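In my numbering, the protein residues as written are 13 to 357.
Cβ atoms here follow ideal geometry from the backbone N, Cα and C, with glycine treated the same way.
Fair warning: this is a prediction, and the values are worked out from it, not measured in the lab.
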Ligand SMILES: Cc1cc2nc3c(=O)[nH]c(=O)nc-3n(C[C@H](O)[C@H](O)[C@H](O)COP(=O)(O)OP(=O)(O)OC[C@H]3O[C@@H](n4cnc5c(N)ncnc54)[C@H](O)[C@@H]3O)c2cc1C
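Shown next as structure tokens:
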């Protein structure tokens, strides 16, 4: 039986980052992923780095998110240096676009909320916002600049983190499904795998299986995660360029260094995963159309993606059940750890 200092179930961004830190600290580390490491939520995400709460339920984790945000530049530098790969970190802030007729009131609420949580947020007049981001839709009423926020190319980051972990001595295994935590009396002794109840022993056992964590026997009490839903499309447009993350209540846009713009949409109201799935395809497109696009040129790419990408959406729908979204519930806090996805690339 193999023995490690630390055995990690799940090779996404979180499992990979933990492996990197522990390997750099001199521990013998192994990461076990049931499929290809780094191809679940860490592959699907938008890469927005924001300590701002998405809902009232996530307010309690804002201090943790702020502390994490402060560490990010150093984390990125470390990963890029060891891996030799660029991870597309863009510390350029977020512009929150307000379109409602009641934008003045919404503006003061957003500013008060952010300031109350110790987060920087500056009110911006519509004209000034369009000077910062010329592609913004002229229907814009007002905006909020959140200068401390950033984005990263999460696919590049996850690849680089796993590479840096390997280069630092961690072993990363693909196709190794963990079924349960191995308990030896009160002690956690390692991991048990699907293949013939095989075990690895470890001094420290870490569950980092994202939205799948509750399926590992023994972990469900610590990580009672459940699905939540999101949608994502990658767009390219010759007419639209954006510098920062653009955020509105219906849709968000995230620029990548390679010119792509990711368009995403949460699905907080989804009462059931299946029901949300049925209407999900049109949801993202409708958000784009209803806004006329948060950015002026965006109704066109959305229309194009509808023509060219409708099969892509349908295919992705069928793959959604394996790509479970998740929401970790901890007392009063709902922390999103991943959610369903559809991608058109
Ligand atoms: C559409 C979408 C948009 C998002 N946008 C953002 C965003 O803008 N900003 C942000 O901060 N976050 C965002 N997120 C959330 C973010 O992607 C996740 O929080 C993050 O990637 C979670 O990383 P992870 O390593 O915990 O999980 P994952 O990347 O899901 O990794 C878990 C790994 O565990 C493996 N695994 C599962 N079960 C087992 C098992 N039994 N045995 C072994 N291995 C197992 C899986 O194969 C997988 O590789 C988004 C998520 C999605 C889906």
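Remark: C-beta atoms of residue 254 and residue 145 approach each other more closely than 9 Å. Close CB contacts of residue 256 within its chain, under the 7 Å cut and outside five residues either way in sequence, are with 104, 105, 106, 107, 145 (chain order). Within the same chain, Cβ atoms closer than 7 Å to the Cβ of residue 231 are found at 193, 219, 225, the five residues on either side in sequence being excluded. Non-local beta-carbon contacts of residue 118 in its own chain, meaning distances under 7 Å to residues more than five positions away in sequence, involve 110, 112 in chain order. In the DSSP annotation of this structure, the continuous segment of the beta strand (DSSP E) that includes residue 156 starts and ends at 154-158. Here residue 84 carries a helix assignment [DSSP, helix/strand/coil]. Per the C-alpha coordinates, the member of 260, 216, 252, 212 positioned closest to residue 14 is 212. DSSP places residue 72 within a helical segment (H, G or I) once states are collapsed to three. Here DSSP, grouped into helix, strand and coil, assigns residue 141 to helix. For residue 188, the closest of 270, 210, 179 by C-alpha to C-alpha distance is 210.
DSSP places residue 215 inside the beta strand (DSSP E), whose first and last residues are 211-219. As the crow flies, the alpha-carbon of residue 139 is around 11 Å from that of residue 151. With fewer than 16 other beta carbons inside 10 angstroms of its own, residue 143 counts as exposed.
Of the other Cβ atoms in all chains shown, fewer than 16 fall within 10 Å of the Cβ of residue 83; this residue is therefore exposed. The criterion of a C-beta distance shorter than 9 Å is satisfied by residue 155 and residue 136.
A distance below 6 Å between beta-carbons, with the five flanking residues on each side excluded, links residue 95 to the following residues of its chain, in chain order: 172, 175, 176.
For residue 28, the enclosing alpha helix (DSSP H) stretches over residues 25-36. When distances are taken from the beta-carbon of residue 110 to the heavy atoms of ligand 1, even the shortest one reaches 8 Å or more.
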